[in-house]
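Participant: In full-length UniProt numbering, the protein residues as written are 1 to 194.
Let me begin by handing over the structure; questions about it come next.
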Amino acid sequence: MGMPIYTAKGQFWLDFGLLWQQNPQLVLDNVNYIQKRVFVSHINFGGGVNRQVHLLVQTPSVYYLPKYLNAVAPNELLNELAAIKNIMILGVGENLPVDFKLVDNPNLPTFERVDLLKNLELSAAAVVQQHNDDLVKIVGNLSQRKMNHYFSPKERYDNLKDFLLMVTPYLSLVPERQALRNDEWRLKIPLGGH
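Below, the structure is given as structure tokens:
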């Protein structure tokens, strides 16, 4: 039996059912490495908050899936996350919206939920890596003084943190609690010398 699909207001939603989600601990700070300053984003999965959620993802039709579920497609996922409304995460016990109706025999192929979740995770990781790479390029083109103080303005720091808060919850969505991650991902942006 395939994954359930719902329809509401002309849109279709693929139901992943109950999953475990990690909201990793984020620590952003300046670090000195052998006379070089580096801005490091620590994404600590072991230090975050875990919760059980009900995931639904909007799909273009009953016949095919969003690109970021079929393959690694960071740009498509970023567009969906920016739109906010196209991925729905409900708390355990929270009811589906009242206008959601189950689609009978949607004729979708039987997808492996774990495979789709892996593509979602890889797409989210690619979004985070690309964003960091873009910042490395931006900072690398600045003068030494501006490089050193690039993240001093609160707005820039907050923008990066808000971006990571938006994307990182999709780096670990798993069916079983014991499959939750316990590692740490460090993203570095060189800020030049002292």
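Idealized CB from N, CA, C, for every residue including glycine.
Only a predicted model underlies this, so the values are computations on that prediction, with no experimental measurement involved.
1) Pull up the CB-CB distance for glutamine 22 and serine 172, whole angstroms please, since I reckon it's below 8 Å.
2) Identify whether lysine 9 lies in helix, strand or coil by the three-state DSSP scheme.
3) Can you give me the C-alpha to C-alpha distance between glutamine 96 and tryptophan 13, rounded to a whole angstrom?
4) Look up serine 41 in the DSSP assignment and say whether it is helix, strand or coil.
5) Going by DSSP in three states, leucine 102 sits in which element: helix, strand or coil?
6) Compute the Euclidean distance between the alpha carbons of phenylalanine 100 and leucine 56, then round it to the nearest angstrom.
7) Leaving out five residues before and five after leucine 102 in sequence, what residues of the same chain have Cβ atoms less than 7 Å from its Cβ?
8) Would the beta-carbon of leucine 117 be found less than 6 Å away from any heavy atom of the ligand MG?
9) Going by Cα to Cα distance, which pick from Val72, Leu19, Ala73, Ser41 is closest to leucine 165?
10) How about glutamine 58 and asparagine 86: are their beta carbons less than 7 Å apart?
11) What span of residues does the beta strand (DSSP E) with leucine 90 cover, start to end?
12) Just verifying my parser: in three-state terms, what is the DSSP assignment at aspartate 183?
13) Three-state secondary structure (DSSP) at proline 74?
Facilitator: Straight from the coordinates:
1) Sequence index remark: in the sequence shown, residue 22 carries index 22 (1-based). Sequence index remark: in the sequence shown, residue 172 carries index 172 (1-based). Between serine 172 and glutamine 22 the Cβ distance is about 4 Å, and since that is below 8 Å, they are a contact.
2) Locating residue 9 in the sequence shown gives position 9, where the first residue counts as 1. DSSP places lysine 9 outside both helix and strand once states are collapsed to three, so it counts as coil.
3) Looking up residue 96 in the sequence shown gives position 96. Looking up residue 13 in the sequence shown gives position 13. Here residue 96 turns out to be leucine, not glutamine, going by the sequence shown. Using only the alpha carbons, I get a separation of about 11 Å.
4) Within the sequence shown, residue 41 is the residue found at index 41, counting from 1. It is a strand residue.
5) As a first step, residue 102 is located in the sequence shown; it is residue number 102 there, counting from the start. DSSP places leucine 102 in strand when its eight states are reduced to three.
6) Position 100 of the sequence shown, counting from 1, holds the residue named residue 100. Position 56 of the sequence shown, counting from 1, holds the residue named residue 56. Rounded to whole angstroms, phenylalanine 100 to leucine 56 spans 11 Å at the Cα level.
7) Here residue 102 is taken as the residue at index 102 of the sequence shown, counted from 1. Only Pro4, Tyr6 meet the Cβ criterion.
8) No copy of the ligand MG appears in this structure; indeed no ligand is present at all.
9) Numbered from 1 along the sequence shown, position 165 holds the residue referred to as residue 165. Here the closest residue by C-alpha is Ser41.
10) The residue labelled residue 58 in the question sits at position 58 within the sequence shown. The residue labelled residue 86 in the question sits at position 86 within the sequence shown. Yes, these two residues count as a Cβ contact at 7 Å.
11) Numbered from 1 along the sequence shown, position 90 holds the residue referred to as residue 90. Annotation for leucine 90: the continuous beta strand (DSSP E) segment containing it runs 87-91.
12) The count along the sequence shown starts at 1 and reaches residue 183 at position 183. Three-state result, aspartate 183: coil.
13) Locating residue 74 in the sequence shown gives position 74, where the first residue counts as 1. DSSP places proline 74 in helix when its eight states are reduced to three.
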